Amino acid sequence: NLNKILVEDLDFYYDDFQALENVDLKAPANQVTALIGPSGCGKSTFLRTLNRMNDLIEGTKVEGKVLIDGENIYQENLDVVNLRKKIGMVFQDPNPFPKSIYDNVAYGPRAHGVKSPEELDRVVEKSLKRAALWDEVHDRLDKSAIGISGGQQQRLCIARALAVNPDVILMDEPTSALDPVATAKIEELVEELKENYTIVIVTHSMQQAARISDYTAFFLTGEIVEAGPTEKIFERP
Ligand code: ADP
Ligand code: ADP
Numbered sequence: 004n005l006n007k008i009l010v011e012d013l014d015f016y017y018d019d020f021q022a023l024e025n026v027d028l029k030a031p032a033n034q035v036t037a038l039i040g041p042s043g044c045g046k047s048t049f050l051r052t053l054n055r056m057n058d059l060i061e062g063t064k065v066e067g068k069v070l071i072d073g074e075n076i077y078q079e080n081l082d083v084v085n086l087r088k089k090i091g092m093v094f095q096d097p098n099p100f101p102k103s104i105y106d107n108v109a110y111g112p113r114a115h116g117v118k119s120p121e122e123l124d125r126v127v128e129k130s131l132k133r134a135a136l137w138d139e140v141h142d143r144l145d146k147s148a149i150g151i152s153g154g155q156q157q158r159l160c161i162a163r164a165l166a167v168n169p170d171v172i173l174m175d176e177p178t179s180a181l182d183p184v185a186t187a188k189i190e191e192l193v194e195e196l197k198e199n200y201t202i203v204i205v206t207h208s209m210q211q212a213a214r215i216s217d218y219t220a221f222f223l224t225g226e227i228v229e230a231g232p233t234e235k236i237f238e239r240p
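First residue of the sequence shown? That's 4 in the UniProt record's numbering, and the numbers climb one at a time after it.
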């Protein structure tokens, strides 16, 4: 399925305030789709409609369609727990739990019923390797996640998201709180991850969108005003 995510005519309301109007977007599988635009134009709101995180905010309303693998996630009786398992999320500020590095990554699998220590070890190792963090932390998995650097914490949050086997990863300005070196590592990682995942990333940086995305959508006050292949939008050589 080429279009992993297909959004059609999406409107979104916080009570009476319409935050998104008529949004259409397709996010192809195994590509990085960047959402850019000024602060307050609806990028985070839009991202949160893709895994129904907005359901957690009272008074919100969605109209239109969000299809993931061809299935409308706003249909009645949708299994939201299963949806969020399929769609991992990473936020602007690294937010590891105040627990060990190991327990952060094992959290999701445990919550979904993985009990065997061998299986948990395997998932933790694989997830940390995929998040390009294993080499830096494998000898201190029992240490607190709060003790590692911000960039490492963000890669840990990515590992935590990967551990439940999603196929889509939503990232909301994942490098805004990081220094340039840590940012470069996350950007490199995003490019690696797209081999196995579909990635939608909110960024306020056009340069970042140009560097790492395949497809770019510009938001302006709740609407997508332009979208297309990144090399066309930025005339990248
Ligand atoms: P962006 O991510 O582009 O900065 P947001 O999606 O955070 O934009 O916000 C879009 C608009 O929706 C803004 O006007 C913002 O104030 C409003 N908004 C965001 N979250 C809420 C909320 N929980 N309740 C009410 N309004 C909100
Ligand atoms: P960002 O700049 O990352 O989009 P903001 O600083 O605008 O985030 O918002 C931070 C949090 O406050 C978000 O969870 C957002 O949903 C919420 N928020 C933003 N605007 C409003 C609003 N007008 N009313 C209530 N909550 C809001």
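All C-beta atoms, glycine included, are put in the ideal place defined by N, C-alpha and C. Since the structure is predicted, the reported quantities are computational estimates derived from the model, not experimental observations.
Between residue i and ligand 1, is the CB less than 8 Å from at least one heavy atom?
i, result
"residue 48", "yes"
"residue 177", "no"
"residue 221", "no"
"residue 93", "no"
"residue 60", "yes"
"residue 105", "no"
"residue 205", "yes"
"residue 41", "yes"
"residue 96", "no"
"residue 3", "Past the boundaries of the shown model lies residue 3; the chain is included only from 4 to 240, so the question cannot be answered."
"residue 160", "no"
"residue 18", "yes"
"residue 45", "yes"
"residue 225", "yes"
Quick one, are the C-beta atoms of residue i and residue j less than 9 Å apart?
i, j, result
"residue 161", "residue 151", "no"
"residue 27", "residue 14", "no"
"residue 163", "residue 84", "no"
"residue 226", "residue 25", "yes"
"residue 16", "residue 68", "no"
"residue 104", "residue 42", "no"
"residue 102", "residue 110", "yes"
"residue 127", "residue 154", "no"
"residue 39", "residue 207", "yes"
"residue 180", "residue 99", "no"
"residue 88", "residue 199", "no"
"residue 18", "residue 73", "no"
In three-state terms, what does DSSP make of residue i?
i, result
"residue 73", "coil"
"residue 95", "coil"
"residue 11", "strand"
"residue 169", "coil"
"residue 147", "strand"
"residue 190", "helix"
"residue 153", "helix"
"residue 100", "coil"
"residue 32", "coil"
"residue 23", "strand"
"residue 232", "strand"
"residue 67", "strand"
"residue 38", "strand"
"residue 219", "strand"
"residue 178", "coil"
"residue 110", "helix"
"residue 161", "helix"
"residue 226", "strand"
"residue 80", "coil"
"residue 6", "strand"
For my contact list, residue i and residue j are in at a C-beta cut-off of 8 Å; report their separation, rounded to the angstrom.
i, j, result
"residue 31", "residue 6", "6 Å"
"residue 86", "residue 130", "With a Cβ gap of about 20 Å, residue 86 and residue 130 do not count as contacting."
"residue 113", "residue 135", "That pair is no contact at about 23 Å."
"residue 219", "residue 236", "5 Å"
"residue 8", "residue 71", "6 Å"
"residue 35", "residue 197", "5 Å"
"residue 233", "residue 37", "7 Å"
Should the segment 210-217 be regarded as contacting the segment 44-57, the criterion being three or more beta carbon pairs within less than 8 Å?
no
Taking contact to mean at least 3 C-beta pairs separated by less than 8 Å, is the segment 91-108 in contact with the segment 167-182?
The segment 91-108 vs the segment 167-182: in contact.
State whether the segment 198-210 contacts the segment 117-126, with contact taken as three or more CB pairs (one from each stretch) at a distance under 8 Å.
no
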